[in-house]
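This report concerns only the one structure given below.
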Amino acid sequence: MDVIHAYLNLVPVTLSQSLIYSFLVLGIMIPFRLLSFPDLTSEGAFPLGGCVCATLLLAGYPPLLATVVAMLAGVGAGAATALVHLRFRINSLLAGILVFTALYSANMRVLGRSNIALFNTDNIFTQINPAILTDVRLQVATFAVLIVVALAALRWYLATQAGAALRVIGINPELAPSLGISIWTYTIVGLGVASGLTALGGALIVQLQGYADVGMGTGILINGLASLVIGETITGRQTVTRQLLAPVVGAMVYYQLVSLALSIGLQPSDLKVVTAGFVLVTLGLPMLRGRSAMRETMRA
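Reading the sequence shown from the start, the letters are residues 1 to 300 in the working numbering.
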């Protein structure tokens, strides 16, 4: 009963946080699934959004402007990864590693220290309704509206000619030039949008929690991948709509599982290895099943 009670107490809080982290998972899904571009920029773009937003808030800039600029900084980070890959023909994974490694130093410069508190600073939530910071139900409602708006905008964009061109890059990059589609343009746009969403998540979480830390993105990529895998298992990815819903559904389920794990006594330091194991099993099972089926076919 104590475990159930502890878990139920955590549910609303983790639901609120999972809706914010949905922006991060969307930012991971776009390059991985729509562009077939394994990208690690999220590790740096997430804290970049938080650090830029925190610095601007402390400098007295309007919260909305600080949030938008933080998002644009993320767009720049994603575009930088795309340019490193395209211009220097560097492997996509290595390009992402180079950028998020450089972003750590950039975040330190932007923030001026390793972490900073924002408890007495006006933010976007206090401007909308100060009660959002203390009322979990209002947080859930607010973040749900924000994620629905983001999903609607992405769904609209992917239904346009430009969105279709971006998807062609991921499906068949060799065919794209013959259709008049610029690989450079849409790769930069795709990674820019992805990292912009990731940075937006970082900016929102900093304003909600009241502090920023340059290390807030450490290990966030594996959490996002786990959320994406869970979401795709639940929703599937046969259509664009299902693919867009997968990050949101996955984030909500993943963070509820985290709450359950903490409720039964698992230490926070154990969550990384559990998450890594879960992703490994989830991604590896289809391959093992395929090999098993192939062996059965050969024996027959």
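Built from N, CA and C at the ideal position, the CB exists for glycine as well.
This one's a predicted model, so the numbers in the text were calculated from it and none came from an experiment.
Excluding its 5 nearest sequence neighbours in each direction, Ile97 has C-beta neighbours in its own chain below 6 Å: Leu40, listed in chain order. Per the coordinates, the alpha-carbon of Leu197 lies some 18 Å from the alpha-carbon of Val240.
At a Cβ-Cβ threshold of 9 Å, Phe143 and Ser16 count as neighbours.
Inter-residue distance for Tyr61 and Asn123 is about 10 Å (C-alpha atoms, whole angstroms). The Cβ atoms of Leu72 and Pro63 lie no closer than 9 Å to each other. As computed with DSSP, Ile116 is found in a beta bridge with Ala212. Pairing Gly201 with Ile20 gives a Cβ-Cβ distance under 9 Å. In the DSSP assignment, Phe37 falls outside any alpha helix (DSSP H) and carries neither an H nor an E.
Scanning Val52, Tyr7, Leu221, Ala226 for the CA closest to the CA of Arg109 turns up Val52. Using a Cβ distance threshold of 9 Å, Ala150 and Leu26 count as a contacting pair. Restricting attention to beta strand (DSSP E) runs no shorter than 3 residues, the stretch 49 to 128 encloses them at 115 to 117, ordered along the chain. Excluding sequence positions up to five before and after Leu10, its CB lies within less than 6 Å of the CB of Ser259, all in the same chain and listed in chain order. Ala106 sits close to Leu48, with the two beta carbons spaced by under 9 Å. Taking the Cα positions, Arg242 is about 14 Å away from Trp156.
Two segments are said to touch when three or more pairs of C-beta atoms, one from each, lie closer than 8 Å; by this definition the stretch 127 to 141 does not touch the stretch 219 to 230. The three-state secondary structure of Thr239, taken from DSSP, is coil. Taking Val99 as reference, the option from Leu228, Thr233, Gly163, Leu191 with the minimal CA-CA separation is Leu191. Distance from the CA atom of Asn223 to the CA atom of Tyr7, rounded to whole angstroms, is 20 Å.
Secondary structure within the stretch 174 to 213: the alpha helix (DSSP H) runs of 4 or more consecutive residues, fully enclosed, are 183 to 209 (chain order).
Of all alpha-carbon atoms in Val274, Leu280, Phe278, Ala212, the one lying nearest the alpha-carbon of Gly112 is that of Ala212. Of all alpha-carbon atoms in Ala176, Leu35, Leu262, Ala251, the one lying nearest the alpha-carbon of Leu228 is that of Ala251.
For Asp135, the secondary structure class from DSSP, reduced to helix, strand or coil, is coil. The three-state secondary structure of Thr142, taken from DSSP, is helix. The C-alpha of Ser22 is placed about 24 Å away from the C-alpha of Asn115.
Note on geometry: alpha-carbon atoms of Thr55 and Val68 lie some 13 Å from one another. Across the structure, Val168 and Val189 are spaced so that their CA atoms are roughly 13 Å apart. Distance from the CA of Gly44 to the CA of Glu174, rounded to the nearest whole angstrom, comes to 30 Å.
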